[in-house]
Structure formats: structure tokens, C-alpha cells
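Have a look at the structure below, then the notes.
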Amino acid sequence: MATSTPPAKLELRPPPYPLDALEPHMSQNTMSFHWGKHHRAYVDNLNKQIVGTELQGKSLEDVMIRTYNKGDLLPPFNNAAQVWNHDFFWDSMKPGGGGKPSGELLKAIERDFGSFEKFSEEFRSAAATQFGSGWAWLVYTVNPRPSDGKELLVLKTPNAVNPLVLGYTALLTIDVWEHAYYLDYQNRRPDYISIFMEKLVSWDAVSAKLEVAKSRVA
Amino acid sequence: MALRTIVSRKTLAALGSGLRAEARLAASRGLVTFSLPDLPYDYGALEPAISAEIMQLHHQKHHQTYVTNYNKALEQLEDAMAKGDALAVVKLQSAIKFNGGGHINHSIFWKNLSPIREGGGEPPKGSLGWAIDTDLGSMEALVQRMNAEGAALQGSGWVWLGLDKDFKKLVVETTANQDPLVTKGANLVPLIGIDVWEHAYYLQYKNVKPDYLKNIWKVINWKYASEVYEKECH
Numbered sequence: 001m002a003t004s005t006p007p008a009k010l011e012l013r014p015p016p017y018p019l020d021a022l023e024p025h026m027s028q029n030t031m032s033f034h035w036g037k038h039h040r041a042y043v044d045n046l047n048k049q050i051v052g053t054e055l056q057g058k059s060l061e062d063v064m065i066r067t068y069n070k071g072d073l074l075p076p077f078n079n080a081a082q083v084w085n086h087d088f089f090w091d092s093m094k095p096g097g098g099g100k101p102s103g104e105l106l107k108a109i110e111r112d113f114g115s116f117e118k119f120s121e122e123f124r125s126a127a128a129t130q131f132g133s134g135w136a137w138l139v140y141t142v143n144p145r146p147s148d149g150k151e152l153l154v155l156k157t158p159n160a161v162n163p164l165v166l167g168y169t170a171l172l173t174i175d176v177w178e179h180a181y182y183l184d185y186q187n188r189r190p191d192y193i194s195i196f197m198e199k200l201v202s203w204d205a206v207s208a209k210l211e212v213a214k215s216r217v218a
Numbered sequence: 219m220a221l222r223t224i225v226s227r228k229t230l231a232a233l234g235s236g237l238r239a240e241a242r243l244a245a246s247r248g249l250v251t252f253s254l255p256d257l258p259y260d261y262g263a264l265e266p267a268i269s270a271e272i273m274q275l276h277h278q279k280h281h282q283t284y285v286t287n288y289n290k291a292l293e294q295l296e297d298a299m300a301k302g303d304a305l306a307v308v309k310l311q312s313a314i315k316f317n318g319g320g321h322i323n324h325s326i327f328w329k330n331l332s333p334i335r336e337g338g339g340e341p342p343k344g345s346l347g348w349a350i351d352t353d354l355g356s357m358e359a360l361v362q363r364m365n366a367e368g369a370a371l372q373g374s375g376w377v378w379l380g381l382d383k384d385f386k387k388l389v390v391e392t393t394a395n396q397d398p399l400v401t402k403g404a405n406l407v408p409l410i411g412i413d414v415w416e417h418a419y420y421l422q423y424k425n426v427k428p429d430y431l432k433n434i435w436k437v438i439n440w441k442y443a444s445e446v447y448e449k450e451c452h
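This is how it looks when you write it as C-alpha cells:
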């Protein structure tokens with residue numbers, strides 16, 4: 001993405017596919033509320049919160065990291081992070097998604113998790129056991145833990161918190177706030193997670209993000 | 219159960235670790251398990267404020283899952299305690315808080331609601347009514363405050379009308395996830411709790427949480443809240 005002066009008002013970015021493109025796995029009905037109402041409200045409310053303050057005109061990531069405030073959250077954080085998280089979520093999916101990754105990404109997953117199946121199990125478990133609202137992530141860390149040297153990790157975060165503010169590079173996310181799945185799956189979060197993995201996840205997008213992450217380190 | 223009463227602590231100490239283990243096993247056979255309480259009304263009885271579809275899912279799926287997982291966690295806790303596994307005991311605390319809290323909170327919630335034809339929505343008479351005016355200004359002010367706090371709550375949680383039983387004062391509080399009201403103060407007694415997890419309203423109200431909050435007051439069971447209040451404040 002070319003660097004440019006951030007706009008004075010943040011805009012709601014549409015998903016990279018039409019709202020009905022993920023049917024029947026994620027319904028148009030869900031997308032119309034999730035993107036059209038929830039995501040839109042985060043953008044609108046964030047703009048209202050930062051207008052006339054020093055945060056206005058800053059990039060979304062900048063606003064997010066400043067208002068994360070090292071964990072002592074400032075009021076705009078929830079909206080800022082949720083705008084970012086949802087942009088990232090739409091990018092994590094694609095029509096005809098699912099299946100397995102390939103190439104460098106698959107090699108990295110096999111290296112750090114043992115197998116794709118073991119990664120999938122850990123990711124699904126994180127998504128299923130994030131209590132209350134939150135997200136599950138596959139992240140890339142530029143600072144591997146000395147104990148095991150792994151570069152790829154599965155994380156789960158509560159509410160609006162994301163790996164960026166924790167110092168990681170995000171590669172993939174699944175939204176496990178109830179609004180993400182309730183219309184299509186009701187209480188059956190595990191079913192939603194399975195369908196996400198089998199039919200929705202965009203391994204192309206994840207691979208591209210890993211490439212960018214590695215090139216920054218090199 | 220019988221073995222438990224026969225084997226006193228003194229006896230256990232005298233008999234050594236072998237019998238202690240057996241007594242623990244026997245005690246574990248007497249482990250109290252929790253079960254889903256019945257609703258005091260039909261699933262459709264709170265319509266149109268809360269849909270039958272939501273009430274059924276909320277009770278039969280969500281609350282049941284908390285009960286099931288709470289029992290599981292307690293069994294694992296007992297096991298960990300019996301083995302003297304301190305780390306396992308500590309690791310189980312979050313599962314106990316989540317699921318036990320979920321069971322506690324929802325058990326209160328079903329009693330907080332009542333069909334309109336059974337008095338749901340009727341404001342409290344007597345001491346609780348006066349306390350609301352004295353401590354919180356008025357019923358309108360209370361409703362406005364709880365709705366504002368409920369709407370502003372990020373993520374999942376509850377908004378409460380509680381009684382500080384030490385100071386005999388009413389308070390409005392929120393808790394995150396399934397934290398019971400006591401996590402905000404050991405002296406706080408829950409009178410009314412409103413579930414603001416998305417599962418409590420999403421199928422009917424979608425993203426418009428404020429509409430759910432506005433409508434739920436039509437089925438709030440002030441009789442129950444008054445009973446609890448009077449018991450603490452006699």
C-alpha cells in the first residue's frame with residue numbers, strides 16, 4: 001500500500017467480495033449486519049470520538065496503538081481496534097476458501113506446529129475457548145521465544161485486543177464475538193469455526209501476509 | 219454418603235494415607251452436581267419483549283452448557299485437590315469462574331423476568347420503591363442509568379441493580395463476561411441482572427442493543443427484587 005497522508009475522517013472499507021459471496025457458510029444476512037451495522041458503527045463512533053483531538057488525521061494503526069496505551073486502554077481503543085480487526089477479518093476469508101495452505105506458509109506451519117492438522121486443532125481450540133467476546137489469530141513473531149524458536153503462534157484475544165498492539169504481526173483471524181455467528185449458527189460456535197476453516201479461510205491472503213512480514217525482517 | 223459421616227477427621231488422621239484416599243473417593247461420590255433450573259414460565263411467555271426462540275436457546279443451550287461445564291470443572295478440581303496438584307487447582311479457577319458464574323447469573327436472570335400477566339414490568343411498591351427514589355433519584359433515572367451502562371459495555375457482560383448490604387444502599391454496576399456481582403464487592407447482593415451478552419438479544423434485536431434494553435423493563439420481575447431487598451434490609 002502506498003504511503004499517503006491519512007484522511008481527516010476514517011472510512012468504512014468494504015470486504016473484497018460482495019456481501020453474498022460467502023453464502024451459504026456466512027450468510028448475506030450476517031454480512032449485512034456484521035459489516036453494514038457493526039463495522040460501520042465502529043468507524044462512525046471512532047470518527048466521532050477523535051474529531052477535534054490530536055488523534056484526528058492519524059492512521060488507524062497509529063490511533064489504535066496510541067489508545068491501547070500499553071494496556072491502560074483509552075476510550076477510542078475499542079472502536080479503533082475493532083475497525084482494524086474487522087478489516088483484517090474480511091481479508092482473512094474468500095469465496096471458495098478453505099482447504100490447505102501451500103508453499104512457504106505450509107512449510108512454516110509444519111515446522112512450528114508439527115503438521116497442518118495440529119495447527120488447525122490448536123487454532124480451532126483457541127477460537128472455541130476464547131470466553132466471552134474476542135478473536136483467535138495466527139501470528140508471526142519477529143522475536144521467537146528462546147524456549148522453542150517458533151515464528152508462528154496461535155493466540156486468542158478478548159474483546160477488541162489484537163496481536164498488533166501486543167507486538168506481533170497478524171496473519172489470520174476469526175471473529176468469535178457472538179454477532180459474527182449467531183444468526184447463522186446460534187450457540188454452535190464450534191460448527192462456525194469448522195466451516196470457517198473448511199470453506200472460508202483465504203490461505204492466499206495469509207501467505208501474502210507472511211511474505212510481507214518476512215521481507216520486513218530480512 | 220454414609221462412609222463420609224463415619225470417617226471423622228480425627229479418624230482419618232489416625233488411619234493414615236491409605237484410608238484417607240478411600241475416604242476422599244467416598245467423599246467424591248458425594249460431590250454435589252448442579253442442574254439446569256426450570257423456568258417459572260413458558261419460553262413464549264415473555265413475548266414480545268424477548269422472543270420464544272431466544273428464551274429456548276438461552277435456557278436449553280447456553281445455560282445448560284454452563285451447568286455441564288461447571289460440573290466438569292468441579293470434578294476436575296476435586297481430582298486435582300485429591301492429588302495435591304496445586305498448579306492444576308489454580309489453572310481450573312478460570313473455568314470455574316466462567317461456568318459457575320454463568321450458572322449463578324442465569325439462575326438469577328430467569329427469576330428477574332416475569333410475564334406481563336404475572337406482574338412483569340410492574341414497578342416495586344414498598345421499601346424497594348422508596349430506596350430506588352432515595353438512592354438513585356427515581357425509577358426513570360435507574361432505568362436510564364442501567365440502559366446507558368448496558369449499552370456502553372464493551373464485549374460480553376451484565377448490568378446489575380445491586381444492594382450494598384453493609385451500607386444498605388442501592389448501586390448500579392456492570393460485570394464482564396460471567397463474573398458474578400460479588401466480584402465487584404463482597405457485600406453486593408444482586409437484585410436485578412440484565413444479560414447483555416449478544417446471545418441474550420441478537421436473534422431478535424440484532425445490533426440494536428438499546429432496543430433490547432428499552433423493552434426488557436416490560437418483563438422485569440420487581441416482586442422478586444423486592445423480596446431479596448426486604449430479606450437483606452429487614
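Here the protein sequences line up with chains A and B, keeping their order.
Per the numbering used here, the very first residue in the first sequence carries number 1; after that it's consecutive.
Per the numbering used here, the very first residue in the second sequence carries number 219; after that it's consecutive.
Ideal Cβ positions, reconstructed from N, Cα and C, are used throughout, including at glycine.
Asked: Taking the straight line between their C-alpha atoms, what separation do you get for I350 (chain B) and M357 (chain B)?; Found: 6 Å
Asked: So with Cβ pairs under 8 Å, would you call A126 (chain A) a contact of chain B?; Found: no
Asked: Which stretch, first to last residue, makes up the alpha helix (DSSP H) that contains Y442 (chain B)?; Found: 440-450
Asked: Exposed or buried, what is T157 (chain A) when buried is set at 16 or more other beta-carbons lying within 10 Å of its beta-carbon?; Found: buried
Asked: Using a Cβ-Cβ cutoff of less than 7 Å, which residues in the same chain neighbour A21 (chain A) once the five nearest sequence positions on both sides are dropped?; Found: P95
Asked: Could you check the C-alpha separation between Y68 (chain A) and P144 (chain A) for me, to the nearest Å?; Found: 23 Å
Asked: Have a look at V361 (chain B) and V426 (chain B) and give me their C-alpha separation to the nearest angstrom.; Found: 17 Å
Asked: By Cβ distance, which residues of its chain are closer than 8 Å to I314 (chain B), with the 5 residues on each side in sequence left out?; Found: Y288, A291, L292, L295
Asked: Taking 8 Å as the cut-off, does the region 377-389 of chain B touch the region 83-95 of chain A (at least 3 CB pairs, one atom from each stretch)?; Found: no
Asked: Just reading off the alpha helix (DSSP H) that Y430 (chain B) is part of, what are its end residues?; Found: 427-434
Asked: Please classify V176 (chain A): does DSSP put it in a helix, a strand, or coil?; Found: coil
Asked: How many angstroms separate the CA atom of V400 (chain B) from the CA atom of D382 (chain B)?; Found: 10 Å
Asked: Check whether the Cβ atoms of V201 (chain A) and L172 (chain A) sit closer than 8 Å, and answer yes or no.; Found: yes
Asked: Which residue marks the beginning of the alpha helix (DSSP H) containing I334 (chain B), and which one marks its end?; Found: It is not in any alpha helix (DSSP H) - I334 (chain B) carries neither H nor E in the DSSP assignment.
Asked: Which word fits D191 (chain A), buried or exposed, when buried means at least 16 other C-beta atoms lie within 10 angstroms of its C-beta?; Found: exposed
Asked: Apart from the five residues just before and just after W177 (chain A), which ones in its own chain have a Cβ nearer than 6 Å to its Cβ?; Found: S133
Asked: Would you please verify whether the beta carbon of G132 (chain A) is less than 8 Å from any beta carbon of chain B?; Found: yes
Asked: May I ask you to check if the CB of L73 (chain A) is nearer than 7 Å to at least one heavy atom of the ligand HEM?; Found: Among the ligands in the structure shown, none appear at all, so the ligand HEM cannot be discussed.
Asked: Could I get the ranges of all uninterrupted alpha helix (DSSP H) runs contained in the region 334-370 of chain B, with 4 residues as the minimum, in chain order?; Found: 345-354, 357-370
Asked: Report yes or no: do the region 147-161 of chain A and the region 124-138 of chain A share at least 3 C-beta pairs separated by less than 8 Å?; Found: yes
Asked: Are L305 (chain B) and H281 (chain B) touching if we call contact CB-CB under 8 Å?; Found: no
Asked: For E122 (chain A) versus V154 (chain A), is the C-beta spacing smaller than 8 Å?; Found: yes
Asked: Unbroken beta strand (DSSP E) runs of length 3 or more, entirely within the region 87-146 of chain A: which are they?; Found: 134-140
Asked: With a threshold of 7 Å on Cβ separation, who are the neighbours of F88 (chain A) within its own chain once the five nearest residues in sequence on each side are excluded?; Found: A170, T173
Asked: How about N365 (chain B) and L310 (chain B): are their beta carbons less than 8 Å apart?; Found: no
Asked: Can you check whether the CB of V51 (chain A) is closer than 8 Å to the CB of L10 (chain A)?; Found: no
Asked: With a threshold of 16 other CB atoms inside 10 Å of the CB of N405 (chain B), please say whether the residue is buried or exposed.; Found: exposed
Asked: Is there a Cβ from chain B that is less than 8 Å from the Cβ of W137 (chain A)?; Found: no
Asked: Taking the CB atoms as reference points, tell me whether L421 (chain B) and S269 (chain B) lie closer together than 8 Å.; Found: yes
Asked: Could you tell me whether the Cβ of E240 (chain B) comes closer than 8 Å to any Cβ of chain A?; Found: Because E240 (chain B) sits at a pLDDT of 36, beneath the cut-off of 50, its placement in the model cannot be relied upon, and the following sentence gives the value as read from the coordinates. Closer than 8 Å: no.
Asked: For E211 (chain A), return the contacting residues in chain B, with the cut-off set at a CB-CB distance below 7 Å.; Found: Here the premise fails: no neighbours, minimum Cβ distance about 33 Å.
Asked: Have a look at the DSSP bridge pairing and note the partners of D204 (chain A).; Found: BP columns for D204 (chain A) are empty, so no partner.
Asked: Could you check whether P428 (chain B) and A369 (chain B) sit closer than 8 Å to each other, using their CB atoms as the reference points?; Found: yes
Asked: Do we get a CB-CB distance below 8 Å when we pair Y284 (chain B) with the residues of chain A?; Found: no
Asked: Taking 8 Å as the threshold, find out whether the region 70-80 of chain A comes into contact with the region 16-36 of chain A through three or more Cβ pairs.; Found: no
Asked: For A404 (chain B), name the three-state secondary structure that DSSP assigns.; Found: coil
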